[in-house]
Amino acid sequence: MQTSADRKDRHQYPAHWEADVVLRDGGTARIRPITVDDADRLVSFYEQVSDESKYYRFFAPYPRLSAKDVHRFTHHDFVDRVGLAATVGGEFIATVRYDRVGADGMPAAAPADEAEVAFLVQDAHQGRGVASALLEHIAAVARERGIRRFTAEVLPANTKMIKVFTDAGYTQKRSFEDGVVRLEFDLEPTDRSLAVQRAREQRAEGRSVRRLLRPGSVAVVGVGRAPGGVGRSVLGNIRDAGYDGRLHAVNKAFPEDLTEVDGVPAHRSVRDIGDHVDLAVVAVPAEHVPAVVAECGEHGVQGLVVLSAGYAESGPEGRERQRALVRQARAYGMRIIGPNAFGIINTAADVRLNASLAPELPRPGRIGMFAQSGAIGIALLSRLHRRGGGVTGVTGVSTFVSAGNRADVSGNDVLQYWYDDPETDVVLMYLESIGNPRKFTRLARRTAASKPLVVVQGVGSAPQGHAVRATRLPPDTVAALLRQAGVIRVDTITELVDTGLLLARQPLPAGPRVAILGNSESLGVLAYDRCLAEGLRPSRPLDLTTGATAEDFRGALARALADDTNDAVVVTAIPAIGEASPGDAELARALRSAAAAVPGKPVLVVHVELGGLAEALSAAASTAPQAGAVEPAAGAAPHPGEPSPDAQHGAHSPGRPAGRPSTAVADTGAPPAPGTPAESARLIPAYPAAERAVRALAEAVRYGQWRREAMDPGKVPEYDDIDEKGAARLIDELLTRGEGLTVSDEETCELLGKYGIRVRRALPAPTPDAAAEAARTLGYPVALKATAPHLRHRADLGGVRLDLADEEQLRRAYAELTELFGKPEELRPVVQGMAPRGVDTVVRAVIDPAAGAVLSFGLAGAASQLLGDMAHRLVPVTDREATSLVRSIRTAPLLFGWRGSTPVDTPALEELLLRVSRLVDDHPEVVAVTLEPVVVAPHGAGVLGATLRLAPPPARDDLGPRTMPAY
């Protein structure tokens with residue numbers, strides 16, 4: 000029987016159901032419960048729906064809602080009757096509701112687990128994916144309220160709504176009765192429904208960023224009347240870049256008779272612009288931004304780039320101002336880059352947008368760049384813009400986003416755009432923090448499977464003003480998980496650029512075998528040593544001597560590339576003196592000619608003070624190179640932002656099959672001119688130091704290996720002896736004692752046993768006599784261990800005595816322990832049977848609220864802990880991942896017979912890792928488990944100690960409906 004408190008709970012407004020979503024076309028909407036205060040909104044919404052849509056909803060002409068209808072559709076108990084609305088600008092654009100029904104189809108209450116569901120979408124908003132988003136959210140609400148199945152009756156002619164249901168991916172039944180299609184589907188998420196949801200998420204978020212990066216018209220709000228200032232500078236940058244769309248200057252202080260600023264139409268308000276505006280760049284003081292946002296929203300602007308500062312970066316007041324900004328923009332369906340942003344750039348020939356503080360449009364190219372910090376964005380752009388000297392010569396970007404405070408658009412959104420952007424082959428990202436590691440690793444894994452993703456990850460906090468759960472994992476662990484997802488993680492901006500340029504210009508190496516050749520023996524030896532340090536397999540350097548000619552270089556490189564025992568070639572070059580010594584341009588032509596003959600292997604050059612060699616090797620205006628022009632003089636450089644006169648074809652992209660050069664087009668969009676010399680088909684990156692070249696090559700080798708392994712990631716094995724249901728019953732029973740529970744040793748062993756994980760029995764020994772009795776029970780030889788927290792697993796402190804062969808030795812060891820460390824009640828001694836000798840290891844799993852479940856492995860002992868020598872993988876772990884996990888630690892050779900020792904049973908260890916992974920994946924209530932030590936012997940692996948913690952599992956936001964970060 001329900002109490003009055005129960006009835007009151009049924010009517011409390013469920014604020015946690017409110018959410019902002021990105022729709023199919025890239026716009027946004029807000030989803031929230033319908034309340035009694037929405038009567039007027041509902042009536043207004045219904046009046047804007049066509050008669051046909053009303054007929055499809057009610058199966059009869061229904062021109063208007065009666066007062067009874069309005070009452071019914073706005074009064075909900077939020078349990079058995081629920082209505083949700085999608086809103087833009089505070090007005091309804093779509094509604095959905097469910098009513099719980101019994102087996103007879105009549106209204107019912109719990110425990111009935113079926114509900115009828117119905118939608119209505121305004122005709123103007125049909126086709127935007129509104130109904131699909133509402134279905135995800137109403138299904139999540141229904142599951143929360145104990146409903147497991149939806150039914151819907153749809154007219155056969157209402158094909159759009161039938162498609163919404165059938166495309167959702169749920170398990171469903173379909174029948175036809177009395178001229179009506181009856182659909183019945185379970186609400187439990189399936190692999191297909193999650194795949195559908197994530198595909199829709201990618202399309203929607205990618206399109207929302209595309210609308211920002213490819214606007215048909217731009218308004219700069221805050222353009223000063225006099226030269227200078229942020230707004231006037233950005234307006235000039237957009238105009239000077241040759242932006243292909245309509246451009247407007249806006250300032251409420253403009254005189255009424257002012258019609259132009261710097262040749263751009265001038266307006267006092269966005270409302271005064273006669274044309275549609277896709278993007279507004281806002282450069283006004285923070286206190287004036289809300290009025291600008293309102294103008295833009297009312298005018299139908301699709302997105303904002305807010306350059307204005309004074310938000311979350313300035314303290315608590317600024318954080319509240321930032322939250323209000325996002326709420327206001329989303330109410331109008333707009334997305335925001337910023338605030339406190341540096342701006343955005345798109346170098347595509349049909350866009351040429353420089354809506355940033357960068358004074359010049361970067362050269363066009365195939366590299367996408369994302370930075371949170373404006374200062375880092377400037378550093379990235381300047382390094383890629385620079386010819387010669389520091390790094391590789393000329394290259395360019397496809398798109399650039401500096402997101403500032405990331406109040407709305409984040410690195411995840413931009414990654415969704417780059418995933419299927421045909422103009423981007425390589426992605427470079429500088430991330431001060433990762434607000435949603437679980438989602439980022441998922442997106443990174445998918446992106447890295449087709450194009451390289453290079454990341455510098457700062458050690459920062461979550462984005463200011465974001466309502467996201469921060470990860471509790473150490474930065475090194477997060478970095479390891481990123482590498483597991485295929486992310487090429489580097490430590491500095493220099494390494495970011497070095498690695499990105501190699502990946503943009505050269506094919507992926509097929510393996511770690513490196514040939515080294517050049518005219519400097521010492522530079523070759525340095526490169527050789529660095530290769531060894533990076534785990535590569537270099538051949539002995541080939542010294543061509545300082546008298547080598549360009550033809551000598553060409554021949555040596557051609558032979559090295561043709562050699563099947565080489566996967567990559569590093570060429571070292573120093574200035575030479577003499578008439579026969581090659582000039583920069585001549586040497587570059589020779590190297591490019593040899594490289595073009597074998598396009599499937601990467602070539603890198605280490606050069607020392609060769610002024611024009613980097614430019615000659617990289618002779619192109621961008622990584623999407625030019626065609627049909629002549630070679631410039633050595634050292635000549637085009638004007639920044641202008642096409643280079645160098646003749647180049649496209650560099651091979653790592654996203655394409657090895658051995659096939661790309662056919663990237665010139666900056667004009669035309670294909671490469673017929674008859675272009677073959678040697679210009681390859682852009683060869685040049686580096687001023689051997690360590691930089693080799694580090695970039697090593698990252699490419701590791702990424703290439705990941706790509707090959709990603710094609711066959713392995714499988715999560717099934718084990719016949721796992722009792723999943725029995726474990727679930729035991730966990731439920733244990734959790735009745737409390738929400739956070741460290742399980743006793745006996746119960747830990749019982750739960751682990753359900754998954755085939757046997758913990759070697761240990762008996763308490765509070766007295767010497769109890770110890771002797773325990774040893775007789777277990778059988779000699781035994782071990783005596785102190786389990787007090789400060790001594791547990793610390794054999795180095797003397798708290799463990801091993802190989803005690805009889806009672807005399809046991810009693811002597813007991814006396815020594817108590818004499819050294821204190822009373823038995825302080826030591827908590829236990830007696831345990833001896834396990835076969837082997838290598839002591841530790842296995843851990845923990846559920847992080849932001850990153851998810853993580854499995855960790857390393858050798859036991861203080862040395863490994865001090866070195867941080869642990870390897871990590873996201874759960875669930877496949878058999879291939881378990882194999883790589885064991886081999887990932889630096890001390891792994893100890894498991895495989897290092898220095899003549901006996902190799903241990905690593906397959907048994909891998910099986911143990913897989914069983915622990917299954918346990919925490921099947922039962923997220925197991926929030927932490929540690930097996931220590933795990934002794935891996937030549938035959939078998941024994942678990943000598945285990946601790947386990949249970950708690951209600953953290954919410955899985957990646958399994959729920961699509962939402963944007965909450966404010």
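In numbering that gives the first Met the number 0, the protein residues as written are 0 to 966. Ideal placement from N, C-alpha and C gives every residue a C-beta, glycine not left out. Small disclaimer: the values here were computed from a predicted structure and weren't measured.
In the DSSP assignment, find the unbroken beta strand (DSSP E) run with P932 in it and report its ends. 925 to 935
Helix, strand or coil: which one does DSSP assign to R690? The sequence given here has Glu at residue 690, not Arg. The answer is helix: DSSP assigns E690 an H, G or I state.
When the Cα atoms are used, what is the spatial distance from R694 to I335? 37 Å
At which residue ranges does the stretch 142 to 203 contain complete beta strand (DSSP E) runs of 3 or more residues, listed in the order of the chain? 148 to 153, 171 to 176, 179 to 185
Return helix, strand or coil for E520, following the three-state DSSP convention. helix
Beta carbon of V280 nearer than 8 Å to that of V220: yes
DSSP puts N353 in a beta bridge; with which residues? I344
For L854, report the span of its beta strand (DSSP E) as first-last. 851 to 858
With distance defined between alpha-carbon atoms, name the residue in D839, T877, A881 nearest to A862. D839
Going by DSSP, what residue range makes up the beta strand (DSSP E) through F369? 363 to 370
Does at least one heavy atom of the ligand GDP sit under 7 Å from the Cβ of I343? Although the ligand GDP was asked about, the structure shown includes no ligands whatsoever.
Starting from the Cα of Y55, find the closest Cα among L119, G273, T27, W16 and give me that residue. L119
Would you kindly work out how many angstroms separate the C-alpha atoms of R224 and A218, rounded to a whole number? 15 Å
Backbone CA spacing between T86 and V129 [nearest angstrom]: 10 Å
Mark L414 as exposed unless 16 or more other C-beta atoms lie within 10 angstroms of its C-beta, in which case mark it buried. buried
I want to know whether the stretch 905 to 924 touches the stretch 867 to 882 - three or more CB-CB distances under 8 Å. yes
Considering only the alpha carbon of each residue, which of P952, R827, A117 lies closest to G846? For clarity, residue 846 is Ile in the given sequence; the question names Gly instead. Considering only alpha carbons, the answer is P952.
So, are the CB atoms of E204 and V20 less than 8 Å apart? no
Mind the definition here: the stretch 521 to 533 touches the stretch 545 to 556 only if three or more C-beta pairs lie below 8 Å; say whether that holds. no
Pick out whichever of H871, G228, Q864, T491 has its Cα sitting closest to the Cα of S855. H871
Taking the CB atoms as reference points, tell me whether A448 and A709 lie closer together than 8 Å. yes
Is it buried or exposed for P358, if we count other Cβ within 10 angstroms and need 16 for buried? exposed
When the Cα atoms are used, what is the spatial distance from A936 to R843? 19 Å
Taking C-alpha atoms, which residue in I92, G317, I272, E259 lies nearest to P284? G317
Here's the rule: buried if 16 or more other CB atoms are within 10 angstroms of the residue's CB, otherwise exposed. What is G314? exposed
Where S43 falls, given that 16 or more other Cβ within 10 Å makes a residue buried: exposed
8 Å contact criterion, which R939 and A907 should meet: CB distance rounded: Per the sequence shown, residue 939 should be read as Gly rather than Arg. Correct: roughly 5 Å between the Cβ atoms.
What ranges does the alpha helix (DSSP H) occupy inside the stretch 50 to 136, keeping only unbroken runs of at least 4 residues that lie completely in it? 50 to 57, 66 to 73
Return the bridge partner residues of P968 from the DSSP annotation. This structure gives no information on residue 968, because the portion of the chain shown stretches from 0 to 966.
Quick one: does T817 have its CB under 8 Å from some CB of chain D? Checking the listed chains, one finds no chain D in this structure; it contains a single protein chain.
C-alpha gap between D973 and V513, whole angstroms: What the structure shows of the chain is the stretch from 0 to 966, and residue 973 is not part of that stretch, so it cannot be assessed.
Would you kindly check if the distance between the Cβ of F164 and the Cβ of L182 is under 8 Å? yes
Exposure of G302, with buried meaning 16 or more beta-carbon neighbours within 10 Å: buried
With DSSP collapsed to three states, give me the class of D19. strand
Length of the line joining the Cα atoms of P671 and A151: Note that P671 scores 33 on pLDDT, short of 50, meaning its location in the model is unreliable; the coordinates nonetheless yield the value given after this. Cα-Cα distance, rounded: 56 Å.
Looking at the secondary structure, which residues open and close the alpha helix (DSSP H) in which T571 lies? Element bounds for T571: not the alpha helix (DSSP H) but the beta strand (DSSP E), 567 to 572.
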